């Protein structure tokens with residue numbers, strides 16, 4: 077290249093740089109920076125940042141984030157959302173200019189994340205379509221629709237006696253180790269093929285317990301329609317506090333798209349304790365049981381977001397199953413009573429039933445569903461009332477039977493029928509039952525078809541009826557969802573199938589028929605003794621035997637008379 081042409085290239089390049097430099101005008105952007113004044117367990121006190129807002133996200137050194145919780149005149153109380161061991165007094169704090177949000181979208185289905193939206197399953201980054209604030213206002217009353225569609229749990233005692241509807245909030249409470257999480261897991265497993273998305277939120281749970289739940293979901297293929305939001309017991313209390321709100325925002329995104337969503341909060345006892353810990357560290361005034369005064373509000377604003385939207389807004393629904401742990405069967409404690417008053421009903425699990433081997437250990441007397449009955453299928457309503465009444469009568473009379481009291485025939489029948497009801501309502505874990513099989517078993521119960529089956533064979537008899545339910549005609553099964561009432565023809569069809577299935581389990585009628593001729597033979601010698609007295613006068617060896625038989629009777633009467 078000639079020197080002149082090379083010079084021209086340099087001249088044009090420097091001319092362009094000169095023009096760009098002259099066109100650039102530096103812009104000064106203000107940036108609010110504060111300083112850490114003190115660090116405690118899960119919280120930090122920050123000075124500066126005069127423009128910070130309530131619940132705004134702050135960034136600390138080492139990509140640790142926090143939420144402005146106390147906005148006082150002199151300092152800010154911040155809830156930390158990560159490991160804070162590397163933070164020290166004097167470190168800089170920066171405003172982020174937005175509230176806490178979480179990624180949402182179809183890319184989260186089948187993933188395990190923490191409340192910050194960070195993946196925990198090692199399957200790469202999340203593919204989210206948007207971000208939503210963790211705290212969103214609940215839908216207004218005019219945007220809501222009545223609960224009309226049932227949410228089948230696959231658990232017979234719940235679907236029949238304590239039904240749950242889509243858009244309902246049903247509390248699960250009981251002492252520790254009584255099967256609360258098992259009921260929630262069975263409900264998730266039963267949503268396969270029901271077009272219901274599930275969100276499981278573990279709040280402050282042991283890592284081993286969460287791993288067991290995730291393994292059960294994977295083994296049963298439920299992770300295909302489930303999102304798991306996890307905070308472990310060793311995570312900061314701030315993460316446990318925002319976990320249910322983040323999980324609800326993820327679920328709301330799908331609800332607003334017109335889909336049905338089920339969310340499990342396991343459990344809100346740990347959530348309340350995390351909030352109490354944060355409040356006490358931030359010097360908020362304590363109230364009953366050292367909980368702050370707004371402990372009711374943090375749960376009410378969370379559970380009010382569960383609803384059924386109007387068809388004009390997509391018709392989606394969000395069903396919430398919060399779990400609460402009671403202590404020594406005390407359902408009148410502070411947090412349980414708060415949640416009982418917030419939710420639309422409760423499922424109470426009794427430790428005494430659990431110890432007896434009645435699983436799931438649902439106490440029907442203390443459990444109620446205030447909304448789901450309206451959404452229950454007509455076939456269930458046809459049997460639920462009689463079943464619940466018979467079971468309640470049995471529980472009342474069972475206490476008297478334990479004392480060895482003499483029972484009349486009617487009372488004995490009620491107790492035997494109640495024992496069959498209890499045996500039929502037992503159900504192993506991870507074995508949800510279809511609608512047709514449940515209705516077949518319940519109709520057989522109400523028609524007392526199980527009453528002649530020995531108790532030790534009840535599980536086999538109930539399984540036979542469930543398997544025979546596959547023979548119910550398809551048009552009858554279709555009417556379970558559409559009909560307003562279970563017709564007599566459909567009822568007779570189902571009962572006939574159940575009766576046929578129970579034939580091999582009813583040996584008792586044969587035993588009774590054999591026993592009946594034996595009883596008269598024992599009682600016949602008494603009237604035969606009168607004619608046997610006539611041949612006595614004839615004398616002989618034959619009359620001696622009946623004469624000996626008749627003598628003890630008057631002697632015994634003579635002894636009883638004085």
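Numbering (our numbering), first residue to last: 77 to 638.
Where is the CB? At the ideal position from N, CA and C, for every residue including glycine.
Small disclaimer: the values here were computed from a predicted structure and weren't measured.
1. What residue from 437, 395, 409 has the CA that sits closest to residue 419's CA?
2. Can you tell me the Cα-Cα spacing of residue 466 and residue 295, whole angstroms?
3. With 16 as the cutoff for other CB atoms within 10 Å, does residue 218 come out buried or exposed?
4. Three or more C-beta pairs closer than 8 Å, one from the region 333-352 and one from the region 391-408: is that the case here?
5. With a 10 Å radius around its C-beta and 16 neighbouring C-beta atoms as the bar for buried, classify residue 310 as buried or exposed.
6. Are the Cβ atoms of residue 307 and residue 279 separated by less than 8 Å?
7. Take every Cβ of the region 93-100, pair it with every Cβ of the region 152-164, and state whether three or more of those distances are shorter than 8 Å.
8. When we look at the beta-carbon of residue 312 and count the other beta-carbons within 10 Å, is it buried (16 or more) or exposed?
9. Kindly indicate which three-state DSSP category residue 209 falls into: helix, strand or coil?
10. When you compare each of 440, 165, 207 to residue 183 by their alpha carbons, which one comes out closest?
11. Rounded C-beta distance between residue 138 and residue 162? I'm assuming under 8 Å.
12. Where residue 477 and residue 494 are concerned, what is the direct C-alpha to C-alpha distance, given to the nearest angstrom?
13. Taking the C-alpha atoms as reference points, what is the distance between residue 470 and residue 453?
14. State the Cα-Cα distance for the pair residue 42 and residue 355, rounded to the nearest angstrom.
15. According to DSSP, is residue 105 part of a helix, a strand, or is it coil?
16. Considering only residues of the same chain and omitting the five flanking positions on each side of residue 358, which have a CB-CB separation below 7 Å?
17. With 16 as the cutoff for other CB atoms within 10 Å, does residue 91 come out buried or exposed?
18. My guess is that residue 201 and residue 195 are in contact by the Cβ rule of under 8 Å, so how many angstroms apart are they, rounded?
19. Which residue from 121, 250, 581, 336 puts its Cα closest to that of residue 275?
20. Grouping DSSP H, G and I as helix and E and B as strand, with all else coil, what is residue 407?
21. Could you give the uninterrupted runs of the alpha helix (DSSP H) lying entirely in the region 469-542, keeping only those of 4 residues or more?
22. Going by the CB atoms, is the gap between residue 460 and residue 227 shorter than 8 Å?
23. What ranges does the alpha helix (DSSP H) occupy inside the region 421-475, keeping only unbroken runs of at least 4 residues that lie completely in it?
24. Going by the CB atoms, is the gap between residue 88 and residue 180 shorter than 8 Å?
25. Would you tell me roughly how many angstroms separate the C-alpha atoms of residue 369 and residue 381, rounded to the nearest one?
26. Could you please give the first and the last residue of the uninterrupted alpha helix (DSSP H) stretch that includes residue 313?
27. Can you check the region 193-255 for any alpha helix (DSSP H) of at least 4 residues that lies completely inside it and give the ranges in chain order?
28. Report the rounded CA-to-CA distance for residue 235 versus residue 116, giving the unit in angstroms.
29. My guess is that residue 581 and residue 515 are in contact by the Cβ rule of under 8 Å, so how many angstroms apart are they, rounded?
30. Which same chain residues, not among the five before or five after residue 446, have their C-beta less than 7 Å away from its C-beta?
31. What residue from 332, 504, 431, 121 has the CA that sits closest to residue 220's CA?
32. Quick one, which of 541, 536, 533 has its alpha-carbon nearest residue 517's?
33. Less than 7 Å between C-beta atoms, sequence neighbours within five positions excluded: which residues of the same chain meet that for residue 254?
34. Based on the DSSP secondary-structure assignment, which residues constitute the bridge partners of residue 384?
35. Going by DSSP, what residues sit across from residue 553 in a beta bridge?
36. Report the CB separation of residue 520 from residue 574 in whole angstroms; it is logged as a contact under 8 Å.
Well, looking at it:
1. Taking the first residue of the chain shown as position 1, residue 419 is located at position 343. Measuring from the Cα of residue 419, the nearest candidate turns out to be 395.
2. On the chain shown, residue 466 is found 390 positions in, with the first residue counted as 1. On the chain shown, residue 295 is found 219 positions in, with the first residue counted as 1. Distance between the alpha carbons of residue 466 and residue 295 is about 38 Å.
3. Along the chain shown, one-based indexing puts residue 218 at 142. Per the 10 Å Cβ criterion, exposed.
4. yes
5. In the chain shown, residue 310 corresponds to position 234, counting from 1. Exposed is the call here.
6. Taking the first residue of the chain shown as position 1, residue 307 is located at position 231. Taking the first residue of the chain shown as position 1, residue 279 is located at position 203. Yes, Cβ-Cβ distance for residue 307 and residue 279 is below 8 Å.
7. no
8. Numbered from 1 along the chain shown, position 236 holds the residue referred to as residue 312. Buried: at least 16 other Cβ atoms inside 10 Å.
9. As a working mapping, residue 209 is identified with position 133 in the chain shown. In this structure, residue 209 counts as strand in the three-state DSSP scheme.
10. As a first step, residue 183 is located in the chain shown; it is residue number 107 there, counting from the start. For residue 183, the nearest C-alpha among the options comes from 207.
11. Walking along the chain shown from the start, residue 138 turns up at place 62. Walking along the chain shown from the start, residue 162 turns up at place 86. With a Cβ gap of about 5 Å, residue 138 and residue 162 count as contacting.
12. For the purposes of this step, residue 477 is taken as the residue at position 401 of the chain shown. For the purposes of this step, residue 494 is taken as the residue at position 418 of the chain shown. Between residue 477 and residue 494, the C-alpha separation is close to 12 Å.
13. Here residue 470 is taken as the residue at index 394 of the chain shown, counted from 1. Here residue 453 is taken as the residue at index 377 of the chain shown, counted from 1. Their backbone Cα atoms lie some 25 Å apart in a straight line.
14. Since the first residue of the chain shown is 77 and the last is 638, residue 42 is not available in this structure.
15. Reading the chain shown from its first residue, position 29 is the one you call residue 105. Residue state, collapsed to three classes: coil.
16. Numbered from its first residue, the chain shown carries residue 358 at position 282. Excluding residues within five positions, the ones whose Cβ falls inside 7 Å are 119, 145, 146, 153.
17. For the purposes of this step, residue 91 is taken as the residue at position 15 of the chain shown. The residue is exposed, with fewer than 16 neighbouring Cβ atoms inside 10 Å.
18. Taking the first residue of the chain shown as 1, we reach residue 201 at position 125. Taking the first residue of the chain shown as 1, we reach residue 195 at position 119. Contact between residue 201 and residue 195 holds, with the beta-carbon distance rounding to 7 Å and staying under 8 Å.
19. By one-based count along the chain shown, residue 275 stands at place 199. Ranking 121, 250, 581, 336 by Cα distance to residue 275 puts 336 first.
20. Your numbering for residue 407 matches position 331 in the chain shown. Residue 407 falls in the coil class under three-state DSSP.
21. 485-501, 511-522
22. Along the chain shown, one-based indexing puts residue 227 at 151. Along the chain shown, one-based indexing puts residue 460 at 384. Contact: no.
23. 427-432, 448-451
24. Within the chain shown, residue 180 is the residue found at index 104, counting from 1. Within the chain shown, residue 88 is the residue found at index 12, counting from 1. Going by beta carbons, residue 180 and residue 88 fall outside the 8 Å limit.
25. For this step, residue 369 is matched to residue 293 along the chain shown. For this step, residue 381 is matched to residue 305 along the chain shown. Between residue 369 and residue 381, the C-alpha separation is close to 21 Å.
26. Sequence index remark: in the chain shown, residue 313 carries index 237 (1-based). Its alpha helix (DSSP H) spans residues 313-332.
27. 232-237
28. Sequence index remark: in the chain shown, residue 235 carries index 159 (1-based). Sequence index remark: in the chain shown, residue 116 carries index 40 (1-based). Approximately 48 Å between the Cα atoms of the pair.
29. In the chain shown, residue 581 corresponds to position 505, counting from 1. In the chain shown, residue 515 corresponds to position 439, counting from 1. Taking a contact as a CB-CB distance under 8 Å, the pair residue 581 and residue 515 does not count as one, their CB atoms being some 20 Å apart.
30. By one-based count along the chain shown, residue 446 stands at place 370. Excluding residues within five positions, the ones whose Cβ falls inside 7 Å are 420, 421.
31. Residue 220 sits at position 144 when you count from the first residue of the chain shown. Of the candidates 332, 504, 431, 121, the one whose C-alpha sits nearest the C-alpha of residue 220 is 332.
32. The sequence position of residue 517 within the chain shown is 441, counting from 1. It is 541 whose Cα lies nearest to the Cα of residue 517.
33. What you label residue 254 is simply residue 178 of the chain shown in a count that begins at 1. Closer than 7 Å at Cβ, skipping near neighbours: 425, 427, 430, 437.
34. For this step, residue 384 is matched to residue 308 along the chain shown. Its beta-bridge partners are 393.
35. What you label residue 553 is simply residue 477 of the chain shown in a count that begins at 1. Answer is none; residue 553 lacks a bridge partner.
36. By one-based count along the chain shown, residue 520 stands at place 444. By one-based count along the chain shown, residue 574 stands at place 498. Separation of the CB atoms of residue 520 and residue 574 is rounded to 4 Å, and the pair is thereby assigned contact status at 8 Å.
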